[in-house]
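*Asks:* Next up is a structure, given as structure tokens.
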Amino acid sequence: MLGALVIVFREVLEAGLIVGIVLAATRGVTGRGRWIMIGIGAGIVGAAAVAMFAGAISQAFQGAGQELFNAGVLALAVVMLMWHNAWMARHGREMAAEMRQIGSAVSEGAKPLTALAVVVGLAVLREGSEVVLFLYGIMASGTSGGSLLVGSLLGIAAGAAFTGLTYFGLLAIPQRYIFSVTSWLIALLAAGMAAQSVHYLYNAGIINVLGETVWDTSWLLTESSLFGKLLHTLIGYTSQPSQLQLIAYIGTLFAMGILMRIARYKPRERVTV
Amino acid sequence: MNKAATLFALVALAGAVTLAPGQASAADYTLTIKDHKFTPTELKVPANKRVTIEVINSDPTPEEFESHALKIEKIIPGNAKATVRIGPLKPGRYSFVGEFHESTAKGTVVVE
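Which chain is which? The protein sequence lines are A and B, in order.
First residue of the first sequence? That's 600 in the working numbering, and the numbers climb one at a time after it.
First residue of the second sequence? That's 788 in the working numbering, and the numbers climb one at a time after it.
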């Protein structure tokens with residue numbers, strides 16, 4: 600039972616962290632609960648579908664279907680996170696001002712919510728499909744299924760509790776810093792996802808260069824440990840990054856920074872002209 | 788979200804999907820999963836070279852072939868096979884597991 604709990608918790612953890620960050624990033628935005636629930640719901644449905652077609656997906660593209668699928672899902676999430684941060688760079692200040700004025704609710708926030716709902720949906724889909732397959736394995740193997748199932752459900756509950764922990768932890772940050780803190784978190788999240796995405800392309804055999812490992816810090820912290828897993832999701836920590844991953848990581852941070860800068864300055868130019 | 792962002796997203800996804808993977812060739816090595824155990828448990832591969840391993844899952848239940856050291860994470864459905872690419876690696880021992888049955892499904896890639 601404990602084994603099942605740990606496995607399921609590990610899978611749910613990543614999606615849970617992302618949901619927690621998204622919840623904190625959208626604090627005070629009206630309708631966010633609905634959007635995030637839609638994201639989670641769509642993600643669960645998608646996870647079941649992906650699990651059902653797992654065989655077909657992995658056979659697609661000469662056996663590289665699963666890698667391509669993961670790379671695509673991650674790339675899409677990176678684009679959505681970039682979009683969100685660019686939007687916030689442009690409107691964040693007005694939103695913060697408005698929030699101070701009228702208390703909490705901000706009506707204008709509907710726009711970045713769709714992008715973040717997609718990110719939540721994709722995270723749930725990716726991690727959830729593994730949970731579904733694991734649960735399917737338990738059901739299929741029959742007899743000892745009961746206690747494993749209980750363990751799995753506890754694992755899901757623990758993952759959900761972790762979402763709450765992330766969210767309330769981030770809420771402790773004073774209101775005027777929350778936008779910049781969550782923007783940074785989202786930028787690092789996106790960079791980590793981009794590094795994972797290119798690595799899937801490498802594993803698929805699409806990219807065949809720059810595969811050398813740059814450094815190895817597995818003596819210090821591995822991604823199999825809980826803290827390592829947390830850092831892996833949060834900032835993309837990898838104990839043995841390849842050159843390719845490092846380039847994707849730094850490139851994404853740069854692209855994000857430039858995009859946010861462009862988004863921030865444009866409205867002012869229009870005002871002065 | 789406006790049209791530009793949607794388009795951007797679609798292009799990014801299409802780009803990831805349409806890129807055809809390299810010529811599929813027969814795998815260099817084979818690993819078989821049976822009763823949640825790997826055979827062989829130790830696989831010797833050459834250093835500084837990319838090699839492909841075909842992992843055959845003979846169990847009816849799905850398994851996740853996972854190794855942080857090899858940087859592989861791949862689901863293999865029940866009674867199915869999958870190809871993983873590893874390396875180039877420095878000489879050493881690299882462990883892998885079947886994540887869904889970690890207590891029994893263990894193995895090592897020995898690079899020399």
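Just so you know, even glycine gets a beta-carbon here, dropped at the ideal spot from N, CA and C.
1. Out of A:Ala794, A:Gly804, A:Thr851, point me to the one whose CA is closest to Met841 (chain A)'s CA.
2. Tell me the rounded alpha-carbon separation between Pro827 (chain B) and Ser882 (chain B).
3. How about Ala650 (chain A) and Tyr735 (chain A): are their beta carbons less than 8 angstroms apart?
4. Comparing the C-beta of Pro875 (chain B) with each C-beta of chain A, is any distance below 8 angstroms?
5. From Ile777 (chain A) to Ile737 (chain A), what distance separates their C-alpha atoms?
6. The stretch 678–689 of chain A: which residues have C-beta closer than 8 angstroms to a C-beta of chain B, in chain order?
7. Do the stretch 717–725 of chain A and the stretch 636–651 of chain A touch if we need at least three Cβ pairs shorter than 8 angstroms?
8. Under the rule that 16 or more other beta-carbon atoms within 10 Å means buried, what is Lys868 (chain B), buried or exposed?
9. So which residues of chain A does Thr901 (chain B) contact, with C-beta pairs closer than 7 angstroms?
10. Give me the Cα-Cα distance between Tyr816 (chain B) and Ala854 (chain A), rounded to the nearest whole angstrom.
11. Helix, strand or coil for Ile857 (chain A) per DSSP?
12. Using CA atoms only, rank isn't needed, just tell me which of A:Met600, A:Asn802, A:His831, A:Ser779 is closest to Leu788 (chain A).
13. Less than 8 angstroms between the CB atoms is what I'm expecting for Met561 (chain A) and Leu747 (chain A), so what's the real figure, rounded?
14. Can you find a CB in chain A that lies within less than 8 angstroms of the CB of Glu899 (chain B)?
15. Grouping DSSP H, G and I as helix and E and B as strand, with all else coil, what is Glu693 (chain A)?
16. How far does the alpha helix (DSSP H) with Glu610 (chain A) in it reach, from first residue to last?
17. From the DSSP output, in three-state form, read off Arg837 (chain B) for me.
18. Which two residues bound the contiguous beta strand (DSSP E) that contains Ile820 (chain B)?
19. Quick check on the DSSP output: the alpha helix (DSSP H) that includes Val649 (chain A) runs from which residue to which?
20. So, does the CB of Ala653 (chain A) fall closer than 8 angstroms to a CB anywhere in chain B?
21. Here's the rule I'm using: 16 or more other beta-carbon atoms within 10 Å means buried, otherwise exposed. How should Gly745 (chain A) be labelled?
22. Along chain A, which residues have their Cβ under 9 angstroms away from the Cβ of Pro847 (chain B)?
23. Of the residues B:Ala813, B:Asp822, B:Leu818, which one's Cα is nearest the Cα of His888 (chain B)?
24. Using 8 angstroms for Cβ pairs, my map puts Asp846 (chain B) next to Ile873 (chain B). What's the rounded Cβ distance?
25. Mind checking who Leu830 (chain B) pairs with in its DSSP beta bridge?
26. Report yes or no: is there a C-beta of chain B within less than 8 angstroms of the C-beta of Ile606 (chain A)?
27. Taking Cβ to Cβ, would you say Ala803 (chain A) is nearer than 8 angstroms to Arg689 (chain A)?
28. Between Lys828 (chain A) and the rest of its own chain, which residues show a CB-CB distance below 7 angstroms, the 5 nearest in sequence each way excluded?
29. Which of the three DSSP states is assigned to Gly654 (chain A) in this structure?
30. If the cut is a Cβ gap below 8 angstroms, which residues of chain A does Ile843 (chain B) touch?
31. Output, in sequence order along the chain, the residues in the stretch 713–733 of chain A whose CB is closer than 9 angstroms to any CB in chain B.
32. Check each candidate in B:Glu860, B:Thr848, B:Ala856 and name the one with the smallest Cα separation from Gln665 (chain A).
33. Whether or not the stretch 756–769 of chain A and the stretch 614–621 of chain A are in contact is what I'm after, with contact meaning three or more pairs of Cβ atoms, one per stretch, closer than 8 angstroms; do they touch?
34. Can you check whether the C-beta of His864 (chain B) is within less than 8 angstroms of a C-beta belonging to chain A?
35. Output yes if chain A places a C-beta closer than 8 angstroms to the C-beta of Phe887 (chain B); else output no.
*Replies:* By the coordinates alone:
1. As a working note, residue 841 (chain A) is residue 242 in the first sequence. Strictly speaking, residue 841 (chain A) in this sequence is Ser, with Met absent from that position. Residue A:Ala794 is the option with its Cα nearest to Ser841 (chain A).
2. On the second sequence, residue 827 (chain B) is found 40 positions in, with the first residue counted as 1. On the second sequence, residue 882 (chain B) is found 95 positions in, with the first residue counted as 1. When rounded, the distance between both Cα atoms is 13 angstroms.
3. Mapped onto the first sequence, residue 650 (chain A) falls at position 51. Mapped onto the first sequence, residue 735 (chain A) falls at position 136. Yes; because the gap between Cβ atoms is below 8 angstroms, this pair is in contact.
4. In the second sequence, residue 875 (chain B) corresponds to position 88, counting from 1. Interface residue, yes.
5. The sequence position of residue 777 (chain A) within the first sequence is 178, counting from 1. The sequence position of residue 737 (chain A) within the first sequence is 138, counting from 1. Their backbone Cα atoms lie some 42 angstroms apart in a straight line.
6. Val678, Met679, Trp682
7. yes
8. Reading the second sequence from its first residue, position 81 is the one you call residue 868 (chain B). Per the 10 Å Cβ criterion, buried.
9. Examination of residue 901 (chain B) is not possible in this model, given that chain B is present from 788 through 899 alone.
10. Sequence index remark: in the second sequence, residue 816 (chain B) carries index 29 (1-based). Sequence index remark: in the first sequence, residue 854 (chain A) carries index 255 (1-based). Those two C-alpha atoms are separated by around 40 angstroms.
11. Here the question's residue 857 (chain A) lines up with position 258 in the first sequence. Three-state result, Ile857 (chain A): helix.
12. For the purposes of this step, residue 788 (chain A) is identified with residue 189 of the first sequence, where counting begins at 1. If we check each option's Cα against that of Leu788 (chain A), A:His831 comes out closest.
13. With chain A represented from 600 up to 872, any question about residue 561 (chain A) goes unanswered, as that position is not in the structure.
14. Walking along the second sequence from the start, residue 899 (chain B) turns up at place 112. Closer than 8 angstroms: no.
15. Start at 1 with the first residue of the first sequence, and residue 693 (chain A) comes out as number 94. If DSSP states are grouped into helix, strand and coil, Glu693 (chain A) belongs with the helices.
16. Position 11 of the first sequence, counted from the first residue, corresponds to residue 610 (chain A). Its alpha helix (DSSP H) spans residues 601–624.
17. By 1-based counting over the second sequence, the position of residue 837 (chain B) is 50. If DSSP states are grouped into helix, strand and coil, Arg837 (chain B) belongs with coil.
18. For the purposes of this step, residue 820 (chain B) is taken as the residue at position 33 of the second sequence. Element bounds for Ile820 (chain B): 816–821.
19. Stepping through the first sequence from its first residue, residue 649 (chain A) is reached at position 50. Per DSSP, Val649 (chain A) belongs to the alpha helix (DSSP H) from 631–651.
20. Stepping through the first sequence from its first residue, residue 653 (chain A) is reached at position 54. It does; some Cβ of chain B falls within 8 angstroms.
21. Taking the first sequence and counting its residues from 1, the one referred to as residue 745 (chain A) is at position 146. Under this definition Gly745 (chain A) is an exposed residue.
22. The residue labelled residue 847 (chain B) in the question sits at position 60 within the second sequence. Per Cβ cutoff of 9 angstroms: Gly736, Ala739, Ser740.
23. Reading the second sequence from its first residue, position 101 is the one you call residue 888 (chain B). For His888 (chain B), the nearest C-alpha among the options comes from B:Asp822.
24. For this step, residue 846 (chain B) is matched to residue 59 along the second sequence. For this step, residue 873 (chain B) is matched to residue 86 along the second sequence. That pair is no contact at about 22 angstroms.
25. If you number the second sequence from 1, residue 830 (chain B) lands on position 43. Leu830 (chain B) is bridged to B:Val896.
26. Locating residue 606 (chain A) in the first sequence gives position 7, where the first residue counts as 1. Judged by the 8 angstroms Cβ criterion, Ile606 (chain A) is in contact with chain B.
27. Translated into the one-based positions of the first sequence, residue 803 (chain A) becomes position 204. Translated into the one-based positions of the first sequence, residue 689 (chain A) becomes position 90. It is not a contact, given that the beta carbons lie outside the stated cut-off.
28. The residue you call residue 828 (chain A) lines up with position 229 of the first sequence. Answer for Lys828 (chain A): Arg609, Leu612, Glu822, listed in chain order.
29. Your numbering for residue 654 (chain A) matches position 55 in the first sequence. Gly654 (chain A): helix per DSSP, three-state reduction.
30. As a working note, residue 843 (chain B) is residue 56 in the second sequence. Those do not exist, as Ile843 (chain B) stays about 12 angstroms from chain A at its closest Cβ, beyond 8 angstroms.
31. Thr713, Ala714, Val717, Ser728, Glu729, Leu732, Phe733
32. Start at 1 with the first residue of the first sequence, and residue 665 (chain A) comes out as number 66. Comparing Cα-Cα distances from Gln665 (chain A) to each of B:Glu860, B:Thr848, B:Ala856, the minimum goes to B:Glu860.
33. yes
34. Here residue 864 (chain B) refers to the residue found at position 77 when the second sequence is read from its first residue. With the sequence shown as reference, residue 864 (chain B) is identified as Pro, and His is not the correct amino acid for it. At least one chain A Cβ lies under 8 angstroms of Pro864 (chain B).
35. Looking up residue 887 (chain B) in the second sequence gives position 100. Yes, its Cβ sits closer than 8 angstroms to a Cβ of chain A.
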